[in-house]
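Some notes on the structure that comes next.
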Amino acid sequence: MSAPIELPKWADVSLVPVLAVIVAFLVAGLVVLGIGESPVRASILLVQGALGSGEGIGYTLYYATNFIFTGLAVAVAFHAGLFNIGGEGQATMGGLGAALICLKLDFLPWWIVLPLAIMGAMAFGAVWAFIPGWLQVKRGSHVVITTIMFNFLAATLVVYLLVNVIGKPGSMSPETRVFEASAHLPYLHEALAAFGITIPQSPLNLSFVIALVASFLVWLLIWHTKLGYAIRTVGHSPSAATYAGISIGKITMITMAISGALAGLLAVNEILGVQGRLLLEFSSGYGFIGIAVALMGRAHPLGIILAAILFGMLYQGGTELSFEMPRVTRDMIVAISGLVILFAGALDGLIRRPMAGAFARLLKSEG
Amino acid sequence: MEIYATLIAITESGLRLSVPLIFACLAGLWSERSGVVDIGLEGKMLAAAFAAAAAASATNSAVIGLAAGIIASVGFALIHGFAAISQRGNQIVSGVAINMLAAGLTALVGNAWYAQGGRTPPLEGDARFQPLTWPGAEIIDQIPVIGPLYAHILSGHSALAYCALIATILSGFVLARTRFGLRLRAVGENPAAVDTAGVSVTKLRYAAVIIAGVLCGFGGAYLSLGQAAGFLTNMTAGKGFIALAALIFAKWRAWPAFWTCLLFGLLDAVAIRLQGVVVPGIGQIPVQAIQALPYLMTVVLLAGFIGKAIPPKASGLPYVKER
Amino acid sequence: AHAETVKPAIVYDLGGKFDKSFNEGVFRGAEQFQKSSGVEFRDFEIQNDAQREQALRRFAKDGFSPILAVGFSQASAVEKVAKEFPKTKFTIIDMVVDAPNVQSVVFKEQEGSFLVGLLAAKASKSGKVGFVGGMDIPLIRRFACGYVQGAKFANPKAEVLQNMTGTTGAAWNDPVKGAELTKSQIDRGVDVVYHAAGGTGVGVLRAAADAGKLGIGVDSNQNGMHPGKVLTSMLKRVDNATIASFQAAKDGTWKAGISVLGLKENGVGWALDDNNKALITADMKSAVDAAAADISSGKIVVHDYMSDSKCPE
Amino acid sequence: MAGQAPAISLSSIDKRFGEVRANKDVNLTVARGSVHGIVGENGAGKSTLMSILYGFYEADRGEIRINGNLVRIRSPKEAIANGIGMVHQHFMLVEPLSVIENVMLGAEGGAMLAKGEAKMRAALAKLSADYGLAIDPDAIVGELPVGLQQRVEILKALVRGAEILILDEPTAVLTPDEAEQLFALLHALAGQGKTIVLITHKLHEIMAVTDHVSVMRRGEMVATLETAATSPAELADRMVGRHVLLDVSKGPAHPGAVRLTVENLVIRDAHGSLKVKNINFSLRAGEILGLAGVAGNGQSELLEALAGIIQPTLGRILLDGDDLALTAPTPADRRTHGVLHIPEDRQRMGLVSAFSAAESMILGFQSEVAFGSGPMLSTEAVRAHTETQMEAYDIRPRDPSLKTSKFSGGNQQKIVLAREIEHHPKVLLVGQPTRGVDVGAIEFIHKRLIALRDAGVAILLVSVELDEIMSLSDRIIVMCGGVITGERTPETTNDRDLGLLMAGVTERAA
Ligand SMILES: Nc1ncnc2c1ncn2[C@@H]1O[C@H](COP(=O)(O)OP(=O)(O)OP(=O)(O)O)[C@@H](O)[C@H]1O
Ligand SMILES: Nc1ncnc2c1ncn2[C@@H]1O[C@H](COP(=O)(O)OP(=O)(O)OP(=O)(O)O)[C@@H](O)[C@H]1O
Ligand SMILES: [Mg+2]
Ligand SMILES: [Mg+2]
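One line per chain: the protein sequences are L, C, P and Z, in this order. The first sequence: position 287 = 296 (our numbering), numbered continuously. The second sequence: position 154 = 262 (our numbering), numbered continuously. The third sequence: position 1 = -13 (our numbering), numbered continuously. The fourth sequence: position 165 = 425 (our numbering), numbered continuously.
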């Protein structure tokens, strides 16, 4: 995302993000030290919590699912040179879309409701991103700002609807009624149980599979379709795109819509997969961490999956950690994400320049 | 008269609520006029609010609290500056990072230090900026119509609120009338021109970023030492972004920024009062609609349906001499 | 009943362990129990809704029982996890969960609110008293309704101004809004303000104190927050409920089902201590004691908003 | 004593930009009170050298002496302190600010603007009087015509008391009489003992105004000559190292039917200012129509309009008689109709520097079935196609997956050329085909264009290089200020004649 510094590709996609994470952790470690806990023990607890048990792994992958969706959303926009900070709002709207379908149609069998609900989530997310895209194209307002505004607009809109329209009457918290079983996306332990395989219970559900499929499709889209070529052209050189007869406006709007649809899928995991009802703030910051994931994954689906799993571990491990070390709350993870974004996205020069230098010297010494 | 009293009351609280917006908005103004986009206002204010509350509760001095807030905020500002100016990193990414970093750290450290769910201990007396009552406010208050204006609108705000006004006056003046202001306006539009004129782009931008930090420090301190009596996790609650909206709405100019923030503050005050209130005839007013207004208005403005908001030309672009 | 080994655990609501109010009450109760019985307890402060279930399940898996879930927001989580761990005892406060291994403790907040309403009306010089609720939900309207009844009981001409802070969870933790609402009520002549707003109440009591008016605390005894400026506090004895639940488990007398705690059961009440005894005149005290007695005896029936979502004006 | 010492002497200056060595061990001496010209191809390193003298870039190596004293110039500030002023090739102005604010920037004279401003206005007034540089100090710079913007730049330098004035391609944006005024000014300044360094591509300007001229090639200083003792021809030779455009061997054209017709075309740019004012011409199959003109006189806009990139305000563009606005409004449609385009600026338009050569090789044709069926894009197909093209056009290095930016200018241009030619144009729009391209590549490109012509393609050649126009075109039209000032054939015209037309002088020169 910053001034290009020539590095071997493999180093650029692997070493840079890894180093960024390492630095972020070192800083975080200092913080832990600062509040009087042992970073080493904390890390051990964290990893144990994340991977130490079947359930832990389940939770890790469940969180990772969210991060894959939001990470892909940010990444697709990156390729078109767009910065979509609206993942939060688009996910919220996705939840609304899914919920509306479920509330109306969950008397129908699952093989009708679920596909419709998933499409509803994507459609609402897409629209919520398309509008900022449209505004940028037609009215010249920058998506970064509009998407931020749209995050708040989505939040207030959903609050209003939950409180005054679709909320469960007399409920103690603004949320819809619980959907019928037909609108529930099976947990992985349920799905596998059907094949006689038993795994520990966790919120991990079929959305994870959807996330993997989505990742593959994004990879296909960006590097192996004509649309992807157009998207990347717009991202790298708008003037060349115009010359090539690629409509920047159209691509911008399409890309934003795709990006929003991906963010909307977060609702499939949270609403259809886990909560079984629409409630407030289910997107709880995943949208923003998606930025960290996309940056770390260097906007490549494979990288994004890996980065998402890392953050999944942080989230799950962080929760377990805060059981054992009440002083180290899960806010730690938010801070770490911030650090990763900083070092992978904004201060990457700090990492890349020395590396570039090292490689240059290496090549020289080789002849 | 009853209506007038309510009007006064709403204006009064509107003023109180707009103060942090004004500080943050001016901070954004300085930063972006110099060409450094700053969506980290939220984070800087949050950090400042925490540092201020922590220091104040330790020393029982609001002024020390304010100082601590400013230091914390400037610290974050320098991170942003380093990323944006020295490292030529992506300024939006850096802003997002700062917001998350502040949100995480304040809550984490707050929990660890005070074990009160991220809150600092409640502040009393000198640890807070108490409202200043102007001479004779009580008596003058009795005078119909103008009395309340004096007693509630002019008088009765915390010292920091008056600082917000001063900050606006200074910002407007410095930008328009001083050498520093001229150079700053120039560097946000065309850094190369400033460079070839023999002025250091880097120094100018760092100066602007630091000013932004100081202002956010005031804003944050006001939140935890003036408006509330202590720090609460995520107590900025999006104010940094509303300020950003106000900045755009004001088209990056000081006084319009001031007025826009007042407007947004008033909207908030109205929303607070109308919460759950059943207005005869209309029934319950959906306060969410009012809360959404600032964002809506900004989007509409950005969309150029009411005027056009054109940011400084070089804002967001690192200054790169050698391709 | 023979004594059992108990491993009590608590999952607090979002407000957190030290909200000076509801959750804190539970914590204090647990501490007392620990002192008296020497039984250690574990607790957890959640940061977001997703964690509720995880926390409950985690405690259940580690063999904790009874597990005390604080707050109505935990209902769905408790319902789910209680099914998964039928052998574990769960106690939920402020909400009814119908399951064979869940004990639901709810309070007649309207009765306590009635008493403080009465005191408010008596303490008020302007005849205007205020109420600031947290999140606008039936439970809080129950507080408000009882408060209004009490105020009118003491002074039929009393005027009660009501505000709710918001419609989302944020409304429990927004002292600034609380303060703004209080100020506006005071501007409109109110001189006693009662809050049922969790963390938001901190702002309410402060604003009242700053303006030289009286506040009324809730849940825990908040008289000490601004000595001499807090008329009294509507006590919701979650501490007692906590102790009771843990003790019963220890004695092996723990029973699932619903227990409704009102004045009679000493589940609600009003706080009188050194901080506010100067504010409570003998006349006020006698009046409130009388009312309390009548309510316990059933002579006075305080209407429960949640029974019909209405409040008699 | 220092009077004898040269105003400027640079010794063994070196400067790299990443891979590109912009200045290689450059020496330059400029006598006090003289007008010194610097010529060289695009990319030869002229601007870089001067930017180093002005402290905008820091040299990797080398010494700078001003009036004989060794100085270190690490920033423009220090350059200004040494009495150096520079008018940059790309103006360094703050458009939303007023003239006075721009002039004051960096020389405010005090922390408060007020008092410095009064002084500055006086100074401006004086300069205006002395040199006839009239200008409204309160005008917003962005709203001024380029001629006046340049005047602001000059004023900036003079106000700071520059003794050495560097002008980087000042006339590129000027009308001929504006240029005349400028030269008059330069002489006046030189007369007062100020030293002038003038970078330009226009040899006749060198001959007209300079006392000495230095020639740069590929970052090296190849010669410094007494202007009186040299000739444009000699300079041209020195610039490119060997005699260019030994007139391209081409047979007579056999023009066919009219392919492209332009009727009453009017074009406004984004800011609404008129760029092309009602022009008419037609282009036949099998001919090369040369479009000559000083850069910035509407050629670029015309080219982009023909390619469908910008929409004309008025008028029609006909291909084989039917209106392209209707049949093929967008650049993509134009391509499918056989109107292909080699853009003036390959870096910004013709290529995507971040793409691999292969990806750049299909820019504009990405949606062709040859490169993948339906929505898919076949990397294999694209690569294979690129490999053949690289062979056919001798593009080096032969590596389809090498980043486009890693190819040299000439090879980059070949990529564009190959791409467009291989898609069988009916009409080929060619902009500055040899800008910043080495001699070998130039000849290659010219041969290709002729071959295309002979194959019956209608070619519109836009170039600022008169020699190129003269040697390639079958017909020549000249644009100045957005209108066609004349049409000629190579046989019936000469540089001088065309030069006059380019300057807007329409009556036929004898
Ligand atoms: N800021 C820069 N960063 C990287 N490379 C540069 C930069 N400026 C110039 N170059 C490269 O240095 C070489 C010399 O450029 P320079 O602008 O000095 O040439 P020039 O003689 O001024 O050309 P022109 O006649 O087009 O102005 C070119 O290869 C150019 O691409
Ligand atoms: N931006 C760049 N990154 C990496 N290598 C480059 C870059 N620019 C040029 N090169 C390499 O340096 C060599 C010189 O570059 P340059 O553009 O000056 O070529 P050139 O000498 O101008 O040749 P041509 O006349 O064909 O442009 C080129 O062969 C190219 O391989
Ligand atoms: Mg140049
Ligand atoms: Mg070149």
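Beta carbons are placed, not taken as given, at the ideal position from N, Cα and C, and that holds for glycine. Remember, it's a predicted structure, so these values are computed and weren't measured experimentally.
Query, Result
"Extent of the continuous alpha helix (DSSP H) to which ARG695 (chain Z) belongs", "Segment: none, ARG695 (chain Z) is in no alpha helix (DSSP H) and carries neither H nor E."
"Run of the beta strand (DSSP E) containing LYS117 (chain P), from where it starts to where it stops", "Note on residue identity: the sequence assigns Phe, not Lys, to residue 117 (chain P). Where PHE117 (chain P) is concerned, the enclosing beta strand (DSSP E) stretches over 114 to 121."
"Anticipated Cβ contact below 8 Å, SER139 (chain C) with ALA337 (chain C), distance rounded", "In fact, because the Cβ distance is near 30 Å, the residues do not count as touching under 8 Å."
"Ligand 1 heavy atom lying under 7 Å from the CB of VAL612 (chain Z)", "no"
"Proximity test, GLN410 (chain Z) beta-carbon vs ligand 1 heavy atom, cut-off 7 Å", "no"
"DSSP-derived helix/strand/coil call for THR286 (chain C)", "strand"
"MET739 (chain Z) beta carbon less than 8 Å from that of GLY558 (chain Z)", "yes"
"Same chain, Cβ closer than 6 Å to ALA304 (chain Z), five either side skipped, listed in chain order", "MET476 and ARG477"
"Run of the beta strand (DSSP E) containing PHE625 (chain Z), from where it starts to where it stops", "PHE625 (chain Z) -> no beta strand (DSSP E), and no H or E assigned at all."
"Three-pair Cβ contact test at 8 Å for the region 588 to 608 of chain Z versus the region 224 to 239 of chain L", "no"
"Any C-beta of chain P under 8 Å from that of PHE76 (chain L)", "no"
"Beta bridge counterpart(s) of MET211 (chain P) as assigned by DSSP", "In the DSSP output, where bridge partners are listed per residue, MET211 (chain P) has none listed."
"Any non-hydrogen atom of ligand 1 closer than 7 Å to GLU429 (chain Z) Cβ", "yes"
"Range covered by the beta strand (DSSP E) that runs through ILE655 (chain Z)", "That residue, ILE655 (chain Z), is in no beta strand (DSSP E); it is neither H nor E in DSSP."
"Through-space distance from ALA496 (chain Z) to HIS503 (chain Z), alpha-carbon basis", "Any reading at HIS503 (chain Z) is ruled out, since the residue's pLDDT is 49, under 50, leaving its predicted position unreliable."
"Closer than 8 Å at the beta carbon, the chain L residues around SER509 (chain Z)", "What SER509 (chain Z) touches in chain L: nothing, since even the nearest Cβ is about 32 Å away."
"Proximity test, GLY305 (chain Z) beta-carbon vs ligand 5 heavy atom, cut-off 7 Å", "With respect to small molecules bound, the structure shown includes ligand 1, ligand 2, ligand 3 and ligand 4 and not ligand 5."
"Cβ neighbours of ASP529 (chain Z) in the same chain (closer than 6 Å, five flanking residues each side left out)", "LYS535"
"Extent of the continuous beta strand (DSSP E) to which ARG735 (chain Z) belongs", "735 to 740"
"Distance cut-off 7 Å: ALA432 (chain Z) Cβ against heavy atoms of ligand 1", "no"
"Backbone CA spacing between VAL408 (chain C) and VAL354 (chain Z) [nearest angstrom]", "29 Å"
"Complete beta strand (DSSP E) runs within the region 35 to 77 of chain L (minimum length 3 residues, chain order)", "none"
"Short Cβ contact (8 Å threshold) for ALA265 (chain Z) with GLY322 (chain Z)", "no"
"Residues bridged to THR455 (chain Z) [DSSP beta-bridge criterion]", "Z:ILE424"
"Contacting residues, own chain, Cβ-Cβ under 6 Å from ASN207 (chain C) (five flanking each side not counted)", "GLY148, GLU150 and GLY151"
"Segment limits, alpha helix (DSSP H) that includes LEU600 (chain Z)", "That residue, LEU600 (chain Z), is in no alpha helix (DSSP H); its beta strand (DSSP E) goes 599 to 602."
"Stretch-stretch touch, CB-based, cutoff 8 Å, three pairs: the region 275 to 283 of chain L with the region 204 to 223 of chain L", "yes"
"Bridge partner(s) assigned by DSSP for PRO239 (chain C)", "C:SER266"
"ARG293 (chain C) at chain P interface by Cβ criterion, 8 Å", "no"
"Span of the alpha helix (DSSP H), counted from its first residue to its last, around HIS296 (chain Z)", "Counting along the chain, HIS296 (chain Z) falls outside any alpha helix (DSSP H), though it belongs to the beta strand (DSSP E) covering 295 to 300."
"At least 3 beta-carbon pairs within less than 8 Å: the region 188 to 198 of chain P vs the region 105 to 114 of chain P", "no"
"The region 338 to 350 of chain Z contacting the region 282 to 289 of chain C, beta-carbon criterion three pairs below 8 Å", "no"
"One or two residues paired with THR153 (chain P) in a DSSP bridge", "Answer is none; THR153 (chain P) lacks a bridge partner."
"Three-state secondary structure assigned by DSSP to TYR314 (chain C)", "helix"
"Distance CB(THR487 (chain Z))-CB(THR470 (chain Z)) smaller than 8 Å", "yes"
"Per DSSP, cross-strand counterpart(s) of GLY255 (chain P)", "P:LEU221"
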